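Asker: Residue numbers (this note's numbering), protein chains in the order written: chain A, 1 to 241; chain B, 1 to 372. For each residue, glycine too, the CB sits at the ideal point set by N, CA and C. Since the model is a prediction, treat every value here as computed from it, not as a measurement.
(1) Please list, in chain order, the chain B residues whose beta carbon lies closer than 7 Å to that of residue 96 (chain A).
(2) Looking only at DSSP bridge pairs, what is residue 316 (chain B) linked to?
(3) Around the Cβ of residue 6 (chain B), are there at least 16 other Cβ atoms within 10 angstroms (buried) or fewer (exposed)?
(4) Which one of A:135, A:148, A:89, A:55 has the shortest CA to CA distance from residue 117 (chain A)?
(5) Starting from the beta carbon of residue 103 (chain A), find every residue of chain B whose beta carbon is closer than 7 Å, and list them in chain order.
(6) Taking only runs that begin and end inside the stretch 29–60 of chain B, name each unbroken alpha helix (DSSP H) of 4 or more residues, in chain order.
(7) Out of B:195, B:329, B:276, state which residue places its alpha-carbon closest to the alpha-carbon of residue 377 (chain B).
(8) Should residue 4 (chain A) be labelled buried (16 or more other beta-carbon atoms within 10 Å of its own) or exposed?
(9) With a threshold of 7 Å between beta-carbons, can residue 277 (chain B) be considered close to chain A, or not?
(10) Indicate whether residue 30 (chain A) and residue 2 (chain A) have their beta-carbon atoms separated by less than 7 Å.
(11) Using a Cβ-Cβ cut-off of 8 Å (strictly less than) and excluding sequence neighbours within five positions of residue 181 (chain A), which residues of its own chain qualify?
(12) Pull the bridge partners of residue 147 (chain A) from the DSSP assignment, please.
(13) Short of 6 Å in beta carbon distance, which residues of its chain neighbour residue 201 (chain B), apart from the five on each side in sequence? Order them along the chain.
(14) Grab me the residues of residue 70 (chain B)'s own chain with a C-beta within less than 8 Å of its C-beta, minus the 5 sequence neighbours each way, in chain order.
(15) Please decide whether residue 106 (chain A) counts as near chain B, where near means a Cβ-Cβ distance under 7 Å.
(16) List the residues that DSSP assigns as beta-bridge partners of residue 61 (chain A).
(17) Who are residue 34 (chain A)'s beta bridge partners in DSSP?
(18) On a Cα-Cα basis, can you pick out the residue from B:349, B:162, B:62, B:142 that is closest to residue 262 (chain B)?
(19) Got a sec: which bits of the stretch 32–53 of chain A sit with their beta carbon under 9 Å from any beta carbon on chain B, in order along the chain?
(20) Keeping to the same chain, check which residues put their C-beta closer than 7 Å to that of residue 112 (chain B); ignore five residues upstream and five downstream.
(21) For residue 56 (chain A), which residues from the same chain have a beta carbon less than 6 Å from its beta carbon, with the 5 sequence-adjacent residues on both sides left out?
(22) Let me know if residue 83 (chain B) comes out buried or exposed under the rule of 16 or more other beta-carbons within 10 Å of its beta-carbon.
(23) From the DSSP output, in three-state form, read off residue 252 (chain A) for me.
(24) Residue 255 (chain B): which of B:333, B:27, B:57 sits nearest, CA to CA?
(25) For residue 7 (chain A), decide whether its Cβ has a neighbour in chain B, counting only Cβ atoms nearer than 7 Å.
(26) Under 8 Å Cβ-Cβ, which residues of chain A neighbour residue 215 (chain B)?
(27) Give me the Cβ distance between residue 168 (chain A) and residue 142 (chain A), rounded to the nearest whole Å; I'm assuming they're in contact under 8 Å.
(28) Using DSSP bridges, identify the partner residues of residue 121 (chain B).
(29) For residue 85 (chain A) and chain B, any beta-carbon pair shorter than 7 Å?
(30) Secondary structure at residue 166 (chain A), three-state DSSP: helix, strand or coil?
(31) Among the residues of its own chain, which have a CB less than 8 Å from the CB of residue 300 (chain B), if the five just before and after it don't count?
(32) In chain A, which residues lie with their C-beta within 9 Å of the C-beta of residue 22 (chain B)?
(33) Quick test of the definition: if touching needs 3 or more C-beta pairs under 8 Å, does the stretch 202–213 of chain A touch the stretch 225–234 of chain A?
(34) Per DSSP, residue 69 (chain A) forms a beta bridge with which residues?
Below you can see the structure in the form of structure tokens.
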């Protein structure tokens, strides 16, 4: 199944600040959707609203499955989320994390065994499955977070700056993993502050100060605006604003 | 759709067990601290006031006056010292060298010998009313002993009140203190252990991930409570053995009833800690609140030291919201009196109600979102 997400006039006030100011977006089903923007653009707030961890102050979020409207409760079991902040348990091992999340998602034992073995192989963490999360490198830690999210074979994944603070080689491996995920027609919404990562997405939404600056396919956007990279676009649009 | 999925609940429990196993501090807190506190305070706290400094100013210096002083000394409660200077008698009390001064005026011996009702003055330090009350309690016995000593025989008694102490015939203070101390220590431990669990998840960011999964608040609450119920039971068991073997406190009740009531008490305290954790979301604040709410009321308002009946009516009602008050009745009833279910129906019912209220409150307060 292919999950689509659309937001309309989304506003979110956090204490005195308006983190989102009328965000209207459409996330394409079954592809890699990027939410690109500098720190403080509202990316994390947007993803938290989409996963249901924050309620919008104003506006709506609509989900669809294979083009037909679907409620949040129907989508929820197939959603996976990877927060930006470290959120794993430092004293639990890789294997123990996988077991824990398999139980939370109520995976049958055979399915768990098959998926965990596949994920450990693909992420090349097989050798480290007894290592505690607190002793993993930055890249391995992020991979483990992704594995926990992928364990249930989600139809919608929300990844909040998953490559933040990760070395270039680990970042490349991480994106290769995401490529495998989208090959299965999983809808992925990924936020990042690395402008060059936008090119890896099928569709990007440029966000700044809680507002959408532009949306579209990366190549299309660059051609339309006559720019080489999105950093240039941010500088230009941000300066105009 | 059922309200509770046991696989998810037990998975949370298993994760907590792993945290505890890998955290020597928690294990030491759960198993070592109760024994340490009960042993330490079991020896330190003694409601029997002894070794009271008594300054004797004997102006008579007769055989009778010396006999009177000896009666005080031989009671075992007083430590005698001479006070020669009449002008410095009150200084004895002011400087805390003595808690009482016995003034025997000239002619005491003659009056006693002639049967003229010899009298001496005892000045007590009323600033420490606990000690003063204890001394007042000792005086009837000392007066009777003094009369017998001075007259050479016991005075005639037209009527006599015969007293008999049940459950603790020797009025062994430790038999009274240790069961109460057990309640205070185990209760505090239970509140402390759970106060950090949810707050820790909020602080290290794992709650955000947990809330994005299908797990429900009831599963998180119960999953987190279960391992600590077991851990606190182990702690309580060690304390029980310390009380029985270390201090020789008798246990006259039903072990089954004590375990059942103990489970209800622990559940109430653990839920209280969890409620603090859920509400504060910060480990430091949770720790401070649990110490304040877990220690002071249970020491001062649970009936451990001060009888609840002596408190003003408002406080008597107020103490009813403390699980420690009710389990104090159960613990003393089970250790010393061999009380049965019917005798303890009221405290058991109160603990049951508290369990339901506190778990519901923790669930209601548990937020499924990240709203500030």
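Answerer: So, from the data block:
(1) Taking the first chain and counting its residues from 1, one reaches residue 96 (chain A) at position 96. Under the 7 Å cutoff, chain B gives 18.
(2) Residue 316 (chain B) sits at position 316 when you count from the first residue of the second chain. Partner(s): none; residue 316 (chain B) has no beta bridge.
(3) Here residue 6 (chain B) is taken as the residue at index 6 of the second chain, counted from 1. The residue is exposed, with fewer than 16 neighbouring Cβ atoms inside 10 Å.
(4) The residue labelled residue 117 (chain A) in the question sits at position 117 within the first chain. It is A:148.
(5) Taking the first residue of the first chain as position 1, residue 103 (chain A) is located at position 103. Under the 7 Å cutoff, chain B gives 7, 8, 11.
(6) 33–44
(7) Beyond the ends of chain B as shown, which are 1 and 372, falls residue 377 (chain B); an answer cannot be given.
(8) Taking the first chain and counting its residues from 1, the one referred to as residue 4 (chain A) is at position 4. Result: buried.
(9) Position 277 of the second chain holds residue 277 (chain B). It does not: the Cβ of residue 277 (chain B) has no partner Cβ on chain A nearer than 7 Å.
(10) Sequence index remark: in the first chain, residue 30 (chain A) carries index 30 (1-based). Sequence index remark: in the first chain, residue 2 (chain A) carries index 2 (1-based). It is a contact, given that the beta carbons lie within the stated cut-off.
(11) Numbered from its first residue, the first chain carries residue 181 (chain A) at position 181. If we look at residue 181 (chain A) and ignore the five residues flanking it on each side, its Cβ neighbours are 150, 157, 188.
(12) Within the first chain, numbered from 1, the residue matching residue 147 (chain A) stands at position 147. DSSP output for residue 147 (chain A) lists no bridge partner at all.
(13) Translated into the one-based positions of the second chain, residue 201 (chain B) becomes position 201. These residues qualify, in order along the chain: 207.
(14) Taking the second chain and counting its residues from 1, the one referred to as residue 70 (chain B) is at position 70. 149, listed in sequence order.
(15) Here residue 106 (chain A) corresponds to residue number 106 of the first chain, with the count starting at 1. Judged by the 7 Å Cβ criterion, residue 106 (chain A) is in contact with chain B.
(16) Position 61 of the first chain, counting from 1, holds the residue named residue 61 (chain A). Paired residues: A:7.
(17) Position 34 of the first chain, counted from the start, is the residue given in the question as residue 34 (chain A). BP columns for residue 34 (chain A) point to A:190, A:204.
(18) Within the second chain, the letter at position 262 stands for residue 262 (chain B). Cα-wise, what sits closest to residue 262 (chain B) is B:349.
(19) 48, 51, 52, 53
(20) Locating residue 112 (chain B) in the second chain gives position 112, counting from the first residue. Excluding positions up to five away in sequence, the list reads 64, 118, 150.
(21) Position 56 of the first chain, counted from the first residue, corresponds to residue 56 (chain A). Same-chain partners within the cutoff: 10, 12, 49.
(22) Locating residue 83 (chain B) in the second chain gives position 83, where the first residue counts as 1. Classification of residue 83 (chain B): buried, given that the 10 Å Cβ count is 16 or more.
(23) The shown model of chain A, from 1 to 241, leaves out residue 252 (chain A), and the question about it has no answer.
(24) For the purposes of this step, residue 255 (chain B) is taken as residue 255 along the second chain, with counting starting at 1. For the residues B:333, B:27, B:57, the minimum Cα distance to residue 255 (chain B) belongs to B:333.
(25) One-based indexing of the first chain puts residue 7 (chain A) at position 7. Not an interface residue.
(26) Your numbering for residue 215 (chain B) matches position 215 in the second chain. Residues of chain A passing the Cβ test: 104.
(27) In the first chain, residue 168 (chain A) corresponds to position 168, counting from 1. In the first chain, residue 142 (chain A) corresponds to position 142, counting from 1. Residue 168 (chain A) to residue 142 (chain A), Cβ: 13 Å. No contact.
(28) Walking along the second chain from the start, residue 121 (chain B) turns up at place 121. According to DSSP, which records beta bridges pairwise, residue 121 (chain B) is partnered with B:103.
(29) As a first step, residue 85 (chain A) is located in the first chain; it is residue number 85 there, counting from the start. True, the Cβ-Cβ gap to chain B drops below 7 Å.
(30) Along the first chain, one-based indexing puts residue 166 (chain A) at 166. Three-state result, residue 166 (chain A): coil.
(31) The sequence position of residue 300 (chain B) within the second chain is 300, counting from 1. Correct list, in chain order: 306.
(32) By 1-based counting over the second chain, the position of residue 22 (chain B) is 22. Correct list: 91, 92, 132.
(33) yes
(34) What you label residue 69 (chain A) is simply residue 69 of the first chain in a count that begins at 1. Beta-bridge pairing links residue 69 (chain A) to A:64.
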